[in-house]
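Read left to right, the sequence shown gives residues 2 to 241 (the working numbering). The structure appears below as structure tokens.
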Amino acid sequence: MTTLSATPKPIIPFDRTTKIAPSILAADFANFGAECAAVEAQGADWIHVDVMDGHFVPNITFGPATCAAIRPHIKTVMDVHLMIAPVDPYIEAFAEAGADILTAHVEAGPHIHRTLQAIRGAGVKAGIALNPATPASAVEYLLDMVDLVCVMTVNPGFGGQKFIHSQIEKTRQLRAMIGDRPIHIEIDGGITPETAPLMTAAGADVLVAGSAVFKGGSVTNPAPYGDNIRAIRAAADAVA
Ligand code: DX5
Ligand code: ZN
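Laid out in structure tokens, this is it:
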């Protein structure tokens, strides 16, 4: 297949300012387009899209066709988190769906190096995600081929779980390993105004938040999305 998304991809300038990335896992699944537009209008920096296969993680969400349908409703960055195994057979489809960033798990298979080459080869920024039990050292030989490292602060599969504090030290280690490289550190799971500053202090710049952004709001009452995003950002930036 060679048909590329009709929506031009945004240019993603690199910086370490705090970026809030609402996870649509906590949105209304019958209304993804309007939900993406609503959180962007309320201050979201990126949109985080959780793809789950019922195999790598014990839950199923959606695949490339849904990502392609959502894409025209996203003006910022479409940050696609692949919780699937295998990854390689689906990279082209997710790239064609218009992902700006494709993040694969280091635990998803024996050849993550090849997977990251394929993601960049498809013209998409490459991310690598680490489950809570995986040490920072797992990415040591991958740092020159990624644009983002995602630290899972819950076990992937579900929203609304409790933040795992041991990942703070892991994030500090990753920040030191990354040094001056233009690599984002993204935190995914259990982010709230209470946990966000722990992670920006440790070196994170992208904060994924599902429940904490979407709680209390809807597409017809989006103001709480803005309140929630501002609360997370203010807490995160108080220490960053
Ligand atoms: C978990 C997903 C997360 C999830 C975060 O597997 O990768 O993106 O939606 O949800 P909260 O913010 O509710 O922990
Ligand atoms: Zn995620």
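Cβ coordinates follow ideal geometry from the N, Cα and C atoms, glycine included.
What are the boundary residues of the alpha helix (DSSP H) that includes residue i?
i, result
"LYS171", "168 to 179"
"PRO198", "197 to 203"
"VAL40", "33 to 42"
"ALA139", "Neither: ALA139 is in no alpha helix (DSSP H) and is coded neither H nor E."
"PHE95", "92 to 97"
Which first and last residues belong to the beta strand (DSSP E) in which residue i is found?
i, result
"ASN189", "Looking at the sequence shown, residue 189 is not Asn but Asp. Start and end: 185 to 189."
"LEU65", "Residue identity differs from the one stated: residue 65 is Pro in this sequence, not Leu. It is not in any beta strand (DSSP E) - PRO65 instead sits in the alpha helix (DSSP H) that spans 65 to 71."
"MET146", "Taken as a continuous stretch (DSSP letters only), MET146 belongs to no beta strand (DSSP E), as it is neither H nor E."
Taking the DSSP output, what are the residues bridged to residue i?
i, result
"LYS126", "ILE102"
"VAL81", "VAL50, LEU103"
"SER219", "ASN222"
"ALA210", "PRO23"
"LEU131", "VAL152"
"ILE61", "ASP54"
Rank the options by C-alpha distance to the C-alpha of residue i and give the top, closest one.
i, options, result
"ARG115", "PRO133, ASP101, VAL88", "VAL88"
"ALA45", "LYS216, ILE71, ALA210, PHE164", "ALA210"
"VAL125", "ARG17, ILE12, THR221", "ILE12"
"GLU187", "VAL220, THR172, CYS151", "CYS151"
"ASN32", "HIS112, ALA235, THR221, ILE92", "THR221"
"ILE82", "ALA127, ALA123, GLU97", "In the sequence as presented, Ile is not what sits at residue 82; that position holds His. When each option's Cα is compared against that of HIS82, the closest is ALA127."
"PHE57", "ARG121, ALA69, MET84, ILE120", "MET84"
"SER24", "PHE215, ASP228, GLY55", "PHE215"
Going by beta carbon distance, what residues of the same chain come within less than 8 angstroms of residue i, once the five residues before and after it are set aside?
i, result
"ALA224", "GLN43, GLY218"
"PRO133", "MET153, THR154, VAL155, ASN156, ILE165, SER167, GLN168"
"ILE192", "THR154, PHE164, MET200, LEU208, VAL209, ALA210, ALA213, ILE233"
"PRO162", "Here the sequence assigns Gln to residue 162, which means Pro is not the residue at that position. VAL155, ASN156, GLY190, GLY191, listed in sequence order."
"PRO14", "none"
"ARG231", "GLY44"
"MET2", "Low per-residue confidence applies at MET2: pLDDT is 45, beneath 50, and the placement is therefore not dependable enough to give any value."
"THR4", "Interpretation of THR4 is limited by its pLDDT of 49, a score under 50 that renders its predicted location unreliable; no figure is taken from the coordinates."
In chain order, what residues of the same chain lie with their CB nearer than 6 angstroms to the CB of residue i, ignoring the 5 residues before and after it?
i, result
"PRO59", "GLY158"
"ALA35", "VAL220"
Can you find a heavy atom of ligand 1 that lies under 7 angstroms from the Cβ of residue i?
i, result
"LEU26", "yes"
"HIS56", "no"
"ALA148", "Per the sequence shown, the amino acid found at residue 148 is Asp instead of Ala. No - ligand 1 has no heavy atom lying nearer than 7 angstroms to the Cβ of ASP148."
"PRO157", "yes"
"MET79", "no"
"ILE192", "yes"
"SER167", "no"
"GLY217", "no"
Using a Cβ-based criterion (distance less than 7 angstroms to any ligand heavy atom), does residue i qualify as near ligand 2?
i, result
"HIS106", "no"
"ASP46", "no"
"HIS49", "yes"
"HIS185", "no"
"ASP145", "no"
From the beta carbon of residue i, is the nearest beta carbon of chain C less than 8 angstroms away?
i, result
"ALA177", "The structure shown contains no chain C; it holds only a single protein chain."
Within a Cβ cutoff of 7 angstroms, which residues of the same chain sit near residue i, ignoring the five residues on either side of it in sequence?
i, result
"THR19", "THR201, ASP206, LEU208, ARG234, ALA237, ASP238, ALA241"
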